[in-house]
Amino acid sequence: MAERGISVDHSSVHRWAIKLLPVLEEEFRRSKRKVGSSWRMDETYIKVKGEWKYRCRAVDKAGDTVDFLVRAHRDKAVARMFFEQAVERNGAPEKVTIDKSGSNVAALEAINAGRGKRIVVREVKYPNNIVEQDHRAIKRRTRPMLGFKDFRCARILLSGIELVHMIRKGQMKNDGRRTNPGTNPRTAFLLIGSISSWTISAFERSNILIATEPK
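In structure tokens:
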């Protein structure tokens, strides 16, 4: 915006992000390329108000992001919520690799109890290097931020970072074709907005007003 001679306060950009990112993420989900059937799941941490919170993340065998979830606690209920959300959005995997976390094992056992075809659970540390390496791309963006002050804002902004990361990995379809890895996120956001008129109507329903702050 500075290139166009528009002065915008950082607080305005923050408010736009909080309003727009959930809309963009929902529209992206409609055009997300299908992930593989072999998942690697791991947990990492993010600091909110000086306290560590938990981020569940999963990628497939090729390193494409399956799903993510930010929660205040780490237990069986959170792990089950994550896996059920991931299955609902991406379909059930054939197998999931985890790093011997008791809560994750219990969650997957509970999910398998209600399924005809069981999900194979592998408790192996080293195959999870794929998801652990994928964490680094997210941490490169969050580390300079020095933590978050609000849990709700943290979840929304992290979803935006994950969204851009998925676009860069080529996980968005464009008229049935996948975007190329390394796609410029600004170009991809324009593609998201052009997929349907739903985005514009969603903006109107959210009463989003894009305006600069008075000096």
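The sequence shown: position 49 = 65 (my numbering), numbered continuously. Glycine is no exception: its CB is placed at the ideal position from the N, C-alpha and C atoms.
Runs of the alpha helix (DSSP H) lying entirely within the region 20-76 and spanning at least 4 residues, in chain order: 26-46. DSSP places GLU139 in the uninterrupted beta strand (DSSP E) bounded by 136-139. For ARG152, the closest C-alpha among the options VAL137, LEU173, LYS165, ILE177 is that of ILE177. LEU85 carries a strand assignment under DSSP once its states are collapsed to helix, strand and coil.
Rounded to whole angstroms, the gap between the alpha carbons of ARG105 and ARG49 is 11 Å. Contact between ALA95 and ASP83 fails: their C-beta atoms lie close to 12 Å from each other, not under 8 Å. By alpha-carbon distance to ILE62, the top candidate from MET182, GLN187, ARG184, PRO160 is PRO160.
Leaving aside the five residues that flank LYS189 on each side, the residues in its chain whose CB is nearer than 8 Å to its CB run, in chain order, SER47, LYS48, ARG49, THR195. Distance from the CA atom of PHE99 to the CA atom of GLY21, rounded to whole angstroms, is 46 Å.
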